[in-house]
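Here's the structure we're looking at; comments come further down.
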Amino acid sequence: MTAVLKINHIAKTFNPGTITEKKALTDVHLHLEPGDFVTVIGGNGAGKSTMLNAVAGVFPVDHGTISIDGVDVTHLPEHKRAAYLGRVFQDPMTGTAATMNIEENMALAMRRGEKRGLRWGISAMEREMYREQLSKLGLGLENRMSSKVGLLSGGQRQALTLLMATMRTPKLLLLDEHTAALDPKTAAKVLELSEMIIAKQKLTAMMITHNMRDAIAMGNRLIMMHEGRIVVDVRGEHKASLTREDLMGLFEKAAGKELDGDKLLLS
Amino acid sequence: MDIMKLLNALPSAVSQGLIWGLMAIGVYITFRILDVSDLTVDGSIATGGAVAAILIINGWNVYAALLAAFVVGMLCGLVTGMFHTFFGIPAILSGILTQLALYSVNLRILGNKANVALSVNKFRLLLSSRNVRALTLENPILILVVFGVFLVGVLYWFFGTELGCSMRATGANRNMSRAQGINTDKNIVLSLMLANGIVALAGALLAQYQGFADVGMGRGAIVIGLAAVIIGEVMFAKVFRNFALKLLAVIIGAMIYYIVIQVVLWLGLNTNDLKLLTALVVAVFLAAPHWKAKYLAGREQGKGRDGRA
Ligand SMILES: Nc1ncnc2c1ncn2[C@@H]1O[C@H](COP(=O)(O)OP(=O)(O)OP(=O)(O)O)[C@@H](O)[C@H]1O
Ligand SMILES: [Mg+2]
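Going line by line, the protein sequences match chains A and B.
Position one of the first sequence corresponds to residue 0 (numbering that gives the first Met the number 0), numbered consecutively onward.
Position one of the second sequence corresponds to residue 0 (numbering that gives the first Met the number 0), numbered consecutively onward.
Put into structure tokens, the structure is as follows:
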């Protein structure tokens with residue numbers, strides 16, 4: 000099987016040559032197999048978001064190449080890469096258009112990767128499909144399809160964003176701490192939804208989290224980043240039997256220093 | 000104070016309000032839908048007037064001249080859009096640059112003259128202030144109402160299409176739009192083009208209405224446009240939810256603006272002080288949401304103070 004995602008030795012330095020220069024990624028190399036669900040952990044500023052954003056094309060990388068499903072996307076702009084990707088962000092405000100209503104937001108997502116012409120923006124048939132999909136979220140959103148998304152709670156917005164990201168099956172789903180801004184109960188619900196959707200559609204996914212327990216419990220592979228590199232990569236059997244203590248040990252070996260569990264990885 | 004004098008001036012105020020209402024729809028597209036303050040309009044409205052005037056004088060049919068003004072207005076928007084997206088210049092500055100450049104361009108179009116007469120006696124015009132009290136099909140109010148309804152209808156359709164929806168999304172949330180595969184740069188340029196096309200079209204109508212095109216006819220246009228948008232919103236936000244009605248509110252806002260101006264002039268205000276008054280009124284309305292929020296926040300803390308929200 001060919002890898003869904005190939006990140007080949009990428010590097011990224013922000014503001015090079017200035018006093019704010021920051022090496023965010025030094026040499027990141029990662030291949031994902033179809034169906035891989037990778038959880039990503041690491042301390043603040045380790046480069047987790049930068050890695051995901053590099054894949055999404057938010058900025059160009061300095062070195063290396065990125066290919067998705069066999070297509071070299073290294074030089075594609077963000078909006079073109081979107082055809083392959085589903086994304087959910089940390090801030091619930093980022094993933095949806097607040098001044099547009101629920102069904103309009105979904106119609107925008109439904110056309111990801113397609114040409115947008117002068118056909119009407121949403122059809123009656125689509126509307127029915129959206130209603131059905133919203134009802135599966137179990138949040139009652141199917142009865143509020145013409146409400147502005149700005150009126151929804153953070154959790155509702157994240158659930159909607161998740162649905163929008165996966166409605167058209169993406170080659171790769173990128174979740175960047177997408178439950179970090181939610182209260183614990185809502186966060187658990189959105190995580191559960193994410194796991195369900197990923198399993199059902201057999202998605203290849205990367206999920207950044209600061210919660211070590213979630214990182215261990217979810218997915219079939221776990222990577223840990225430190226100072227712009229991937230320092231731990233466990234999968235399969237090994238991942239399934241992983242404990243918090245194992246993880247700390249692995250980190251210490253890789254990074255060559257002691258891991259401060261509470262500071263670096265809030266669990 | 001002679002009330003008849005005021006009543007006599009009203010038809011003219013309504014006509015001007017209608018023309019500036021069309022222009023304000025252009026401002027609504029950039030300011031409200033795209034979420035960008037585009038200052039190109041001060042130049043592009045005069046460009047529209049100049050292009051239409053010169054073409055009509057050279058024997059063009061009025062409709063062809065209007066279309067040409069619209070296209071040239073779109074080019075003005077294209078320039079601002081490229082400054083902003085391709086060259087990375089902040090939107091406001093991009094608009095100011097184009098506006099400044101257009102001053103020279105407009106003088107060129109007018110044959111290096113500050114203004115050019117476009118008399119309804121000599122040319123077949125679509126509308127003229129001369130017929131403002133005529134009870135015929137040539138009455139500019141009637142013609143402008145038809146224009147306004149047509150424009151609102153077309154825009155209602157356009158912003159409901161896939162492309163139009165993606166342009167609204169671009170204004171609402173650039174990050175989300177890109178994540179959903181929308182080329183935001185392209186849409187920013189397109190919105191600026193559409194807006195300035197409409198503004199130039201209004202300029203072409205204005206030149207015919209007043210019987211001349213003038214390089215200075217766009218001075219302060221952005222502020223009048225904003226005034227119309229804001230008055231429309233303040234008066235109708237609660238009742239007009241539908242997009243077409245919101246656009247209609249902008250046109251009505253411009254009419255109210257011109258009627259109020261007419262009234263204050265009638266009350267004895269010096270014409271020279273008009274721009275000062277307009278700027279003040281717009282500043283007050285732009286500040287209102289901010290102060291309202293502050294007031295409400297203060298009331299939350301202090302509780303028990305009475306007064307209306
Ligand atoms: N656009 C940017 N411009 C400049 N520096 C940036 C930019 N984005 C990230 N950085 C810097 O790059 C480093 C890595 O940031 P990144 O956001 O990838 O960390 P992270 O692992 O996601 O951390 P967190 O857990 O806090 O989200 C940080 O030092 C950050 O300040
Ligand atoms: Mg991050």
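For each residue, glycine too, the CB sits at the ideal point set by N, CA and C.
Just so you know, these numbers come straight off a predicted model, no measurement behind them.
Output yes if chain A places a C-beta closer than 8 Å to the C-beta of Asn174 (chain B); else output no. At least one chain A Cβ lies under 8 Å of Asn174 (chain B).
Three-way DSSP call (helix, strand, coil) for Leu265 (chain A) in this model: Low confidence applies here, because Leu265 (chain A) scores a pLDDT of 46, under 50, leaving its location unreliable and the question unanswered by this model.
Listing by chain order, which chain B residues have their CB less than 8 Å from the CB of Glu20 (chain A)? Within chain B, no residue comes near Glu20 (chain A); the closest Cβ sits about 21 Å away, beyond 8 Å.
Relative to the alpha-carbon of Val13 (chain B), which residue among B:Leu5, B:Met254 and B:Trp290 has its alpha-carbon at the smallest distance? It is B:Met254.
Kindly examine ligand 1 and report whether one of its heavy atoms sits closer than 7 Å to the Cβ of Phe13 (chain A). Indeed, a heavy atom of ligand 1 lies less than 7 Å from the Cβ.
Might you give, ordered along the chain, the residues of its own chain that have their beta carbon closer than 7 Å to the beta carbon of Ala106 (chain A), omitting 5 neighbours on each side? Within its own chain, the residues whose Cβ lies closer than 7 Å to the Cβ of Ala106 (chain A), once the five positions on either side in sequence are excluded, are Gly120, Ile121 and Glu125, listed in chain order.
Have a look at A:Thr98, A:Ala198 and A:Gln157 and flag the residue whose alpha-carbon is nearest the alpha-carbon of Leu181 (chain A). For Leu181 (chain A), the closest alpha carbon among the candidates A:Thr98, A:Ala198 and A:Gln157 is that of A:Gln157.
Quick check: does the Cβ of Ala55 (chain A) come within less than 7 Å of any heavy atom belonging to ligand 1? False, no ligand heavy atom lies under 7 Å from that Cβ.
Is Val37 (chain A) near Met205 (chain A), with beta carbons less than 8 Å apart? Against a cut-off of 8 Å, the Cβ pair of Met205 (chain A) and Val37 (chain A) comes out as a contact.
Which chain B residues sit within Cβ distance under 7 Å of Ala106 (chain A)? Going along chain B in sequence order, the residues near Ala106 (chain A) (Cβ under 7 Å) are Cys164.
Rounded to whole angstroms, how far is the Cβ of Asn14 (chain A) from the Cβ of Lys22 (chain A), which I believe are closer than 8 Å? Approximately 10 Å separates the beta-carbon atoms of Asn14 (chain A) and Lys22 (chain A); this is outside 8 Å, ruling out the contact.
Met205 (chain A) CB to nearest chain B CB: under 8 Å? Using beta-carbon distances, Met205 (chain A) does not count as an interface residue toward chain B, since no partner is under 8 Å.
Under 7 Å from the C-beta of Gly196 (chain B): neighbouring residues of chain A: Going along chain A, no residue has its Cβ under 7 Å from Gly196 (chain B), so there is no contact; the nearest lies around 17 Å.
How many Å lie between Phe85 (chain B) and Lys121 (chain B) at the Cα? In a straight line, the C-alpha of Phe85 (chain B) is about 44 Å away from that of Lys121 (chain B).
Cβ of Met99 (chain A) less than 8 Å from any chain B Cβ? With a threshold of 8 Å between beta carbons, Met99 (chain A) makes contact with chain B.
Which residues does DSSP pair with Asn114 (chain B) in a beta bridge? BP columns for Asn114 (chain B) point to B:Asp213.
If contact is defined by three or more beta carbon pairs under 8 Å, each pair taking one atom from either stretch, is the region 130-147 of chain A in contact with the region 53-61 of chain A? A contact is defined here as three or more CB-CB pairs under 8 Å, and the region 53-61 of chain A fails this definition with respect to the region 130-147 of chain A.
What would DSSP say about Gly41 (chain A), mapped onto helix, strand or coil? In the three-state DSSP reduction, Gly41 (chain A) falls in the strand class (E or B).
Just the residues with CB closer than 5 Å to a heavy atom of ligand 1, in chain order, which are they? Cβ-based neighbours of ligand 1 within the cut-off: A:Phe13, A:Lys21, A:Ala23, A:Asn43, A:Gly44, A:Ala45, A:Gly46, A:Lys47, A:Ser48 and A:Thr49.
Would you say Glu226 (chain A) touches ligand 2, meaning its beta carbon is less than 7 Å from a heavy atom? For ligand 2, no non-hydrogen atom lies closer than 7 Å to the CB of Glu226 (chain A).
Let me confirm a value: Thr168 (chain A) is counted as buried when at least 16 other C-beta atoms fall within 10 Å, else exposed. Which label applies? The residue is exposed, with fewer than 16 neighbouring Cβ atoms inside 10 Å.
Which one of B:Tyr102, B:Leu205, B:Met81 and B:Ile56 has the shortest CA to CA distance from Met22 (chain B)? It is B:Leu205 whose Cα lies nearest to the Cα of Met22 (chain B).
Asp344 (chain A): beta carbon under 7 Å from a heavy atom of ligand 2? With chain A covering only 0 through 266, there is no way to say anything about residue 344 (chain A).
Where Val214 (chain B) falls, given that 16 or more other Cβ within 10 Å makes a residue buried: Val214 (chain B) comes out buried.
What do you get for Phe58 (chain A), buried or exposed, if any count of 16 or more other CB atoms within 10 angstroms of its CB means buried? By the C-beta density criterion, Phe58 (chain A) is exposed, having fewer than 16 other C-beta atoms within 10 angstroms.
Provide the residue span of the alpha helix (DSSP H) that contains Ser66 (chain A), from first to last. Run containing Ser66 (chain A): none in the alpha helix (DSSP H); it sits in the beta strand (DSSP E), His62 to Ile67.
Helix, strand or coil at Ile230 (chain B) according to DSSP, with G and I counted as helix: DSSP, reduced to helix, strand and coil, places Ile230 (chain B) within a helical segment of the structure shown.
Proximity of Leu312 (chain B) and Thr270 (chain B) at Cβ, strictly below 8 Å: Nothing about residue 312 (chain B) can be read from this structure; chain B reaches only from 0 to 308.
Around the C-beta of Lys201 (chain A), are 16 or more other C-beta atoms found within 10 angstroms, so that it is buried, or is it exposed? With fewer than 16 other Cβ atoms from the protein chains shown falling within 10 Å of its own Cβ, Lys201 (chain A) counts as exposed.
Can you find a CB in chain B that lies within less than 8 Å of the CB of Thr208 (chain A)? Not a single CB atom of chain B sits nearer than 8 Å to the CB of Thr208 (chain A).
Chain A residues whose Cβ lies nearer than 7 Å to that of Gly180 (chain B): Here the neighbours are His78, Ala81, Ala82, Arg111 and Gly112.
Please list, in chain order, the residues of the region 130-161 of chain B that have any C-beta partner in chain A closer than 9 Å. Here the close residues are Trp156, Phe157, Phe158, Gly159, Thr160 and Glu161.
Step through the CB atoms of chain B and report whether any lies within less than 8 Å of the CB of Glu251 (chain A). Not flagged as an interface residue toward chain B: Glu251 (chain A), since no C-beta distance is shorter than 8 Å.
Suppose contacts are defined by Cβ-Cβ distances below 8 Å. Is Leu159 (chain A) in contact with Ser193 (chain A) by that definition? No, the pair does not count as a contact, with Cβ atoms beyond the cut-off.
Determine the burial state of Arg220 (chain A): buried for a count of at least 16 other Cβ atoms within 10 Å of its Cβ, exposed for fewer. With 16 or more other Cβ atoms within 10 Å, it is buried.
Comparing C-alpha positions only, which one of A:Gly42, A:Glu32 and A:Ile18 sits nearest to Asn210 (chain A)? The shortest C-alpha separation from Asn210 (chain A) is found at A:Gly42.
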